[in-house]
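Be aware that the sequence shown starts at 149, since it is given in my numbering, and climbs by one per residue. Note that the Cβ used here is the ideal one computed from N, Cα and C, for glycine as well. These numbers come from a predicted model, not from an experiment. Notes follow once the structure below has been shown.
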Amino acid sequence: MLELDCTGRITRYFYLGHHAIMQDVKDTIYSQPQQVSEFRFDQSVAEVFPDMIQRSVPGYSTIVDTIGQICARYAQPDSNIYDLGCSLGAASLAASKYIQSDNCQILAIDNSPAMAQRCELHVQAFKAATPISVICDDIQNIDIKNASCVVMNFTLQFIPPEQRIDIMHKIYAGLNPGGVLLLSEKISHDTEQGNDLVIDLHHEFKRRNGYSELEISQKRTALEDVMRTETFEQHKDRLTLVGFTDIVRWFTCFNFASMVVIKG
């Protein structure tokens with residue numbers, strides 16, 4: 149299905165699980181040799197993000213759809229659902245579709261103006277029963293309160309490691325009893341040999357999705373000082389330190405994982 153976006157340019161839809169999202173153009177950002185700068189979620193990335201994420205993250209559609217289902221399970225009446233680092237709003241839209249609890253609202257936050265603007269377009273195009281408010285701000289400026297669900301879908305990895313513990317403290321404090329943190333991350337393996345294996349498998353996944361060796365190499369360089377991955381044990385230790393006691397890793401593929409963290 150074709151539709152004009154707000155700039156008058158033709159877009160089309162693709163589906164994350166059962167959720168339609170506008171797909172703009174193919175990701176060719178790193179297809180030509182260039183002086184690679186640090187990766188940023190700017191306008192050029194926002195335009196190709198649906199294609200980029202689908203071709204780069206194994207199981208992304210499954211992760212997003214399941215986040216929606218888990219939010220429906222744990223959403224409490226009259227509570228807030230936070231999507232921290234919402235990008236184009238895929239997780240928020242999935243949650244909005246599935247949540248049946250009364251008087252919930254979803255707060256979708258991203259610090260990139262380009263991403264937040266496109267997220268707003270998606271939210272306006274696909275209205276659902278649970279309202280979504282898009283906020284352009286740093287997630288560290290957001291007060292978490294009366295939360296039944298907090299989503300961080302491949303967000304924490306872009307935050308400096310020394311700042312992550314404070315964010316986890318804030319989330320834990322703002323979650324209602326019985327609430328959940330839904331955390332997806334690219335992770336490192338505990339051993340060098342194992343880490344090399346999952347990296348190689350991920351690169352092969354990208355090759356099979358049409359990325360060239362040049363694109364893979366240049367994207368990796370761009371992310372080198374921006375995305376800092378940790379092992380599952382490091383995540384688990386931090387979550388335990390702030391007070392969480394039940395950490396369920398429900399998805400793993402190569403060096404990508406998604407977990408449900410329950411506040412007792």
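Rounded to whole angstroms, Ser281 and Gln253 show a C-alpha spacing of 8 angstroms. Per DSSP, the continuous beta strand (DSSP E) segment holding Thr400 begins and ends at 394-401. Three or more beta-carbon pairs drawn from the segment 320-337 and the segment 398-412 are found closer than 8 angstroms, and the two stretches are therefore classed as touching. Within the segment 311-394, the runs of alpha helix (DSSP H) that reach at least 4 residues and sit entirely inside it are, in chain order, 340-356, 361-371, 380-390. Note that the C-beta distance between Asn259 and Ile287 is below 9 angstroms. Val196: member of the alpha helix (DSSP H) spanning 191-204, first to last residue. In this chain, Gln253 is not harboured by any alpha helix (DSSP H); it is covered by the beta strand (DSSP E) spanning 253-258.
DSSP places Phe306 within a helical segment (H, G or I) once states are collapsed to three.
Annotated three-state conformation of Asn228 is strand, per DSSP.
Distance from the CA of Gly358 to the CA of Asn251, rounded to the nearest whole angstrom, comes to 43 angstroms. With contacts defined by Cβ atoms closer than 9 angstroms, Ala276 and Leu236 do not form a contacting pair. Gln265 places its beta carbon less than 9 angstroms from that of Cys284. Going by DSSP, Cys234 is part of no alpha helix (DSSP H) at all; its letter is neither H nor E.
Here Ser249 carries a coil assignment [DSSP, helix/strand/coil]. With 16 or more other Cβ atoms inside 10 Å of its own Cβ, Thr214 counts as buried. Straight-line measurement puts the Cα of Thr400 at about 27 angstroms from the Cα of Ile177. DSSP places Ala223 in the coil class of the three-state scheme, outside both helix and strand. Measuring C-alpha to C-alpha distances from Val271 to each of Ile307, Ile211, Ala262, Ala238 identifies Ala238 as the nearest.
Residue burial annotation: Ile292 is buried, with at least 16 other C-beta atoms found within 10 angstroms of its C-beta. Note on Gln366: 16 or more other CB atoms within 10 angstroms of its CB, so buried under the neighbour-count rule. Assignment of Asn294 by DSSP, reduced to helix, strand and coil, places it in the coil class. It is roughly 19 angstroms from the alpha-carbon of Phe274 to the alpha-carbon of Ile211. Using a Cβ-Cβ distance cut-off of 8 angstroms, the segment 306-315 and the segment 337-344 are not in contact, since fewer than three pairs of beta carbons, one from each stretch, lie closer than that value. The beta carbon of Lys354 lies closer than 7 angstroms to those of Arg203, Ser204, Ile364 in the same chain, with the five residues before and after it left out. A direct Cα-to-Cα measurement between Pro225 and Ile247 gives close to 10 angstroms. No Cβ-Cβ contact shorter than 9 angstroms links Ile347 with Asn289.
Contact between Ala256 and Phe189 is absent: CB atoms are separated by about 14 angstroms, not below the 8 angstroms threshold.
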